[in-house]
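Read top to bottom, the protein sequences are chains V and C.
Using our numbering, the first residue of the first sequence is number 9, and each one after it goes up by one.
Using our numbering, the first residue of the second sequence is number 224, and each one after it goes up by one.
Ideal Cβ positions, reconstructed from N, Cα and C, are used throughout, including at glycine.
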Amino acid sequence: MIRRAILTFMLDRPGVLNKVSMLIRKKMYNVDTLTVCSSRVPGISRMTITLREDDEAKVEQIIKQLEKFTEVISAKELDTDHSYWREVAIIQLEVDAAHLESFHGRYNFEVLEKKNEDAYILQVAGSTRQIDSFLDEIGREYIIEIARTGVTAMEK
Amino acid sequence: MTGKKKMLQALKAKGVKYIFGYTGGAIMPIFDEMDKLGDFRFVMSRHEQGAAFMAQGISRASLSTSTPQIGVCMATSGPGAMNLTTGIADAYMDSVPVIAVTGQVATGVIATDAFQESDVVGVMMPICKQTYMPLAAEEVEATVHEAFYVAATGRSGPVLIDIPKDVQDQQLPEDYHFDANNFHPDLPGFFFHPSPEREVMQKAITLINRSQRPVMFCGHGVINSNAGKMLQKFAEKVNIPIAFTFHGLSAVPADHPLSLGMMGMHGTVEANRAIMEADLLISFGMRFDDRVTGKLNEYAQNADVIHVEIDPSEINKNVPTSVAINADVYRTLHVLLGDPMLTFKPRKRWFEKINSYRLLMAEDLQQEIEGSVGDGGKLLMKSIVHQLSELTKGKDLIVPDVGQHQMMAARFYNYQTENSWFASGGAGTMGASLPLAIGVKLARPTERVWSISGDGGFQMNIQELGTIMEQQVDVKILILNNGYLGMVRQWQTLFYDGRYAGTPMQSPDFGSIAQGYGIPYLKIETPEEIVPALQKAIDHQGAIILEFICDPSEVILPMIPAGGGFEDMIIKRPSPTPEEPSATTEQNGEES
Ligand SMILES: Cc1ncc(C[n+]2csc(CCOP(=O)(O)OP(=O)(O)O)c2C)c(N)n1
Ligand SMILES: [Mg+2]
């Protein structure tokens, strides 16, 4: 299914997040990630929702439903060609230094802590695909714990 | 100055005259203040659900008068607020502006499971257009003003204000200032497009002029924007027949030559057949719900669709549109009527075809209406409604409940007064009629109001007879008693091999009940008694109850089975004792 991102700006009022999640449940959307943060303007938050949906009409419907909330200022779909989608992962894993070294230059990562000879906490940033491929390459079976922020996005 | 006083001042400033409600611990401060101020007529319902429907009645009936009002209902926290929910959900489904004010436990104990605490905002959020909980006295007045603005702007809907008890009593700060006249809620993303855009209008006009077989749809938006007369003019100008949604009824006189009557599940043959064969649907203020369209992939396959609708999320939701006009119906019609390019076409062939459909059931119906009784000799609902219509010349206000009698009232009353039909549609809430009729009567005191219920629905809010008694509300109450939950029984007859599970129903002696409330009562069992009884109700000053003993086997036809397409329309009555399961259709778990 096609992965979509919807960027929406909304008033930072109580209950807005609740409404968005109720909408997602009610309409049974297939949401992957949802991130909220403050925007440049005080009192206005920005939210990025990624979901999987092939049907254009359904995507149009979620945007219209979002826009219908009195608190929502705007909502629109971002396409991959004209926007950046990024996320950050924090990973605790077993890996030896030599193996880790081979990832340098190819991925944007940083060692947050070396726990012992072969256990690290890393931070990886990039597109969802980059992070996925980092995990695949380093070996998902060596991961002890992982935290991902979910996608945040901006138009080019 | 306190929060409670500001609340009431703001309500008054918004033109509120009636407050419907029921007291209790968490709302007592506001009630106490209301009593002291004496600015409102307080109407105590006998159940909070009743208060919500009465508030709806005020909003719906007054919108076409020179003094539109938004209905307000009030309840205490916990159980009081929970009892409002059915009426509020109903208002949400039918886009009725209502303000619900509920008391909440004090801020200090919120979220501690305090006595009578419920998360009212949480419960109401999915069934309200907006919910508020002011947490300080200085927020109260602005909240009320914003609530009214949101409730009535664009597509209307209910709004909740949940106000903690300590906030009601809280003193305003010394430097408090609020200028109601210059107040504009700070909602940068909340706008609507009242006026249509020029380009889409041009496209629409081209389609209209080109169309051979157009049908125009009159929806709730026509009523809500007071555009009935305008729609009629437009229809006459371009010579296009009008089909009505359930909530569009009474916008244009029902016997207008261009009227096709109601469309959809229990719509007329002519409306549904015309839609099936149309090459253009021009839809004003409606949302293509499943009761209107039936099976979507078979719906009006050869038609272009022009959709005029104030709520953009309804456009392209169920039916793809050719031309989307996201605007107010009244303003759109205004622009259309002024356009010199619109042409009148005789459409001789189209109207001949439509007339042939009109005849398909006409004779059967005429016979039934004239016969007035079913096989068992009991009264037919359609005949009662027809005679009421004749007697009142179609001019009165009709408030049905939910069930077969409701569909009979929709089909067989000859609506002449604009905005004279008030019913629970989207939610189909049994029990709505009695309290709704109270609100309608208070909003339109000089007009005659008929509450028409089945034996089932009448007993769902029968307690509101107490309100009628206490407030001396002149509502003419008809109970069409068929001894069954008739509409469900009809489905059982048609789709469940006539097994009547959970539908036969024993009723109390309604005469004794009426007597208990001091309301006159008549029982009608034969056709000859119908007109004299109705006449008695008209002549009597005040509420009266007429109970009609009706035929349980009467069915409302035509019927498009739930989930079926227009091709599946049933127009013949099944034989009384079907040997085979009479009609079959896909059952998709839908409810009547
Ligand atoms: C609150 C509620 N409960 C159940 C239903 C389902 N329902 C729809 S119509 C109906 C039967 C109504 O019976 P009655 O009031 O006697 O009217 P009739 O159909 O017999 O005219 C029922 C049970 C409903 N619409 N609302
Ligand atoms: Mg009944």
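*Does any residue of chain C bring its CB to less than 9 angstroms from the CB of proline 22 (chain V)?*
For the purposes of this step, residue 22 (chain V) is taken as residue 14 along the first sequence, with counting starting at 1. The Cβ of proline 22 (chain V) sits closer than 9 angstroms to at least one Cβ of chain C.
*Heavy atom of ligand 3 less than 8 angstroms from the Cβ of glycine 626 (chain C), yes or no?*
Ligand 3 is absent from the structure shown, which contains only ligand 1 and ligand 2.
_Within-9 angstroms CB hit, methionine 18 (chain V) to chain C_ = For the purposes of this step, residue 18 (chain V) is taken as residue 10 along the first sequence, with counting starting at 1. Closer than 9 angstroms: yes.
*Would you decide whether proline 396 (chain C) is buried or exposed? Buried here means 16 or more other CB atoms lie within 10 Å of its CB.*
The count along the second sequence starts at 1 and reaches residue 396 (chain C) at position 173. Exposed, since its Cβ has fewer than 16 Cβ neighbours within 10 Å.
*asked:* Between isoleucine 32 (chain V) and chain C, is the shortest Cβ-Cβ distance under 9 angstroms, so that the two count as touching?
replied: Indexing the first sequence from 1 puts residue 32 (chain V) at position 24. Answer no: the Cβ-Cβ gap between isoleucine 32 (chain V) and chain C never drops below 9 angstroms.
*Got a sec? Which residues, its chain only, sit under 6 angstroms from phenylalanine 254 (chain C) by beta carbon, not counting five neighbours each side?*
Walking along the second sequence from the start, residue 254 (chain C) turns up at place 31. Listed in chain order, the non-local C-beta contacts of phenylalanine 254 (chain C) below 6 angstroms within the same chain comprise Thr246, local neighbours out to five positions each way being set aside.
*Taking a cut of 9 angstroms between CB atoms, which residues from the region 389-416 of chain C lie near chain V?*
Legend: CB atoms of the region 389-416 of chain C lying less than 9 angstroms from CB atoms of chain V belong to residues Pro408, Asp409, Leu410, Pro411, Gly412 and Phe413.
_Helix, strand or coil at threonine 555 (chain C) according to DSSP, with G and I counted as helix_ = The residue you call residue 555 (chain C) lines up with position 332 of the second sequence. Three-state DSSP puts threonine 555 (chain C) in a helix.
*Enumerated in chain order, which unbroken segments of the alpha helix (DSSP H) with a length of 4 residues or greater are wholly contained in the region 714-781 of chain C?*
If we require 4 residues or more, the alpha helix (DSSP H) runs fully inside the region 714-781 of chain C come out as 733-739 and 750-762.
*In three-state DSSP terms, what is glutamate 369 (chain C)?*
On the second sequence, residue 369 (chain C) is found 146 positions in, with the first residue counted as 1. Note: glutamate 369 (chain C) maps to helix in three-state DSSP.
_Any heavy atom of ligand 1 inside 8 angstroms of the beta-carbon of asparagine 520 (chain C)?_
Numbered from 1 along the second sequence, position 297 holds the residue referred to as residue 520 (chain C). Checking the Cβ of asparagine 520 (chain C) against ligand 1 gives no.
*glycine 273 (chain C) lies in the alpha helix (DSSP H); which residues open and close that run?*
The sequence position of residue 273 (chain C) within the second sequence is 50, counting from 1. Start and end: 271-285.
*Report all residues from its chain with a CB closer than 8 angstroms to the CB of valine 159 (chain V); omit the five preceding and five following residues, and keep chain order.*
For the purposes of this step, residue 159 (chain V) is identified with residue 151 of the first sequence, where counting begins at 1. Answer for valine 159 (chain V): Ala13, Asp40, Thr41, Thr43, Thr56, Thr58, Trp93, Arg94, Glu95 and Thr136, listed in chain order.
*Taking only the alpha-carbon atoms, compute the straight-line gap between threonine 726 (chain C) and glycine 679 (chain C) and give it to the nearest angstrom.*
Translated into the one-based positions of the second sequence, residue 726 (chain C) becomes position 503. Translated into the one-based positions of the second sequence, residue 679 (chain C) becomes position 456. Those two C-alpha atoms are separated by around 9 angstroms.
_Looking at glutamate 687 (chain C): is its Cβ nearer than 9 angstroms to the Cβ of serine 285 (chain C)?_
Position 464 of the second sequence, counting from 1, holds the residue named residue 687 (chain C). Position 62 of the second sequence, counting from 1, holds the residue named residue 285 (chain C). Against a cut-off of 9 angstroms, the Cβ pair of serine 285 (chain C) and glutamate 687 (chain C) comes out as no contact.
*asked:* If we require 3 or more residues per run, which beta strand (DSSP E) segments fall completely within the region 54-88 of chain V?
replied: Unbroken beta strand (DSSP E) runs of no fewer than 3 residues, entirely contained in the region 54-88 of chain V, are found at 80-86, following chain order.
*asked:* So, under 8 angstroms CB-CB, leucine 717 (chain C) and isoleucine 793 (chain C) are touching, yes? Tell me the CB distance rounded to an integer number of Å.
replied: Position 494 of the second sequence, counted from the start, is the residue given in the question as residue 717 (chain C). Position 570 of the second sequence, counted from the start, is the residue given in the question as residue 793 (chain C). With 8 angstroms as the limit, leucine 717 (chain C) and isoleucine 793 (chain C) qualify as a contact, their Cβ atoms being about 7 angstroms apart.
*What residues from the region 365-388 of chain C come within 7 angstroms of chain V, judged by C-beta to C-beta, listed N to C?*
Of all residues in the region 365-388 of chain C, the ones placed with a Cβ closer than 7 angstroms to any Cβ belonging to chain V are Val373, in chain order.
_Can you determine whether any heavy atom of ligand 1 sits closer than 8 angstroms to the C-beta of serine 606 (chain C), and answer yes or no?_
Within the second sequence, numbered from 1, the residue matching residue 606 (chain C) stands at position 383. Because no heavy atom of ligand 1 lies under 8 angstroms away, the Cβ of serine 606 (chain C) does not count as near it: no.
*From proline 801 (chain C) to proline 731 (chain C), what does the alpha carbon distance come to, in whole angstroms?*
What you label residue 801 (chain C) is simply residue 578 of the second sequence in a count that begins at 1. What you label residue 731 (chain C) is simply residue 508 of the second sequence in a count that begins at 1. Residue placement at proline 801 (chain C) cannot be trusted, given a pLDDT of 47 that sits under 50; what the coordinates show is reported in the next sentence. Each residue's Cα considered, the two are about 31 angstroms apart.
*With respect to 8 angstroms, is the separation between the Cβ of glycine 706 (chain C) and the closest non-hydrogen atom of ligand 2 below this value?*
Position 483 of the second sequence, counted from the first residue, corresponds to residue 706 (chain C). Under cutoff, so the answer is yes.
*Go ahead and label leucine 519 (chain C) buried or exposed: buried means 16 or more other beta carbons lie within 10 angstroms of its beta carbon, across all protein chains shown.*
The residue labelled residue 519 (chain C) in the question sits at position 296 within the second sequence. It counts as exposed.
*Cβ of methionine 277 (chain C) versus every heavy atom of ligand 2: is any distance shorter than 8 angstroms?*
To locate residue 277 (chain C), count along the second sequence from 1; it is residue 54. Methionine 277 (chain C): no, Cβ never under 8 angstroms from ligand 2.
*Beta-carbon contacts of glutamine 232 (chain C) that lie in its chain and below 8 angstroms, excluding the five residues immediately before and after*: By one-based count along the second sequence, residue 232 (chain C) stands at place 9. Result list for glutamine 232 (chain C): Glu364, in chain order.
*Ends of the alpha helix (DSSP H) at threonine 690 (chain C)?*
Within the second sequence, numbered from 1, the residue matching residue 690 (chain C) stands at position 467. Here the alpha helix (DSSP H) through threonine 690 (chain C) covers 688-694.
*asked:* Rounded to whole angstroms, what is the Cα-Cα separation between arginine 722 (chain C) and aspartate 791 (chain C)?
replied: Against the second sequence, residue 722 (chain C) aligns to sequence position 499. Against the second sequence, residue 791 (chain C) aligns to sequence position 568. If you draw a straight line from the Cα of arginine 722 (chain C) to the Cα of aspartate 791 (chain C), it comes to about 22 angstroms.
_CB contact check: isoleucine 57 (chain V) to chain B, cutoff 9 angstroms_ = The chain labelled as chain B is not found among the protein chains of the depicted structure, namely V and C.
*May I ask which residues mark the beginning and end of the beta strand (DSSP E) holding phenylalanine 457 (chain C)?*
Position 234 of the second sequence, counting from 1, holds the residue named residue 457 (chain C). Per DSSP, phenylalanine 457 (chain C) belongs to no beta strand (DSSP E); it is in the alpha helix (DSSP H), 451-461.
*Interface residues of chain V around asparagine 684 (chain C) at Cβ under 7 angstroms?*
Locating residue 684 (chain C) in the second sequence gives position 461, counting from the first residue. One finds nothing in chain V with a Cβ atom closer than 7 angstroms to the Cβ of asparagine 684 (chain C); even the nearest lies about 28 angstroms away.
*Verify the contact flag: methionine 348 (chain C), CB atom, against every heavy atom of ligand 2, threshold strictly below 8 angstroms.*
Position 125 of the second sequence, counted from the start, is the residue given in the question as residue 348 (chain C). It does not: the Cβ of methionine 348 (chain C) is nowhere closer than 8 angstroms to a heavy atom of ligand 2.
*Note down, in chain order, each residue of its chain lying with its Cβ closer than 6 angstroms to the Cβ of serine 506 (chain C), except the 5 sequence neighbours on either side.*
Walking along the second sequence from the start, residue 506 (chain C) turns up at place 283. Closer than 6 angstroms at the Cβ level, and outside the excluded window around serine 506 (chain C), lie Phe440 and His530.
*Please indicate yes or no: does the CB of aspartate 258 (chain C) lie closer than 8 angstroms to some heavy atom of ligand 2?*
Taking the second sequence and counting its residues from 1, one reaches residue 258 (chain C) at position 35. Between ligand 2 and aspartate 258 (chain C), a heavy atom-to-CB distance of less than 8 angstroms is absent.
*Can the beta-carbon of isoleucine 700 (chain C) be found less than 9 angstroms from the beta-carbon of alanine 660 (chain C)?*
Your numbering for residue 700 (chain C) matches position 477 in the second sequence. Your numbering for residue 660 (chain C) matches position 437 in the second sequence. A contact, by the Cβ cut-off of 9 angstroms.
*Is it a yes or a no for the region 640-654 of chain C touching the region 689-700 of chain C, going by three-plus beta-carbon pairs under 8 angstroms?*
Contact between the region 640-654 of chain C and the region 689-700 of chain C is absent, because fewer than three Cβ pairs lie under 8 angstroms.
*So, does the CB of lysine 84 (chain V) fall closer than 9 angstroms to a CB anywhere in chain C?*
For the purposes of this step, residue 84 (chain V) is taken as residue 76 along the first sequence, with counting starting at 1. So, not an interface residue.
*Count the C-beta pairs between the region 531-550 of chain C and the region 570-585 of chain C that are closer than 8 angstroms, then say yes if the count reaches three, no if not.*
The region 531-550 of chain C is not in contact with the region 570-585 of chain C.
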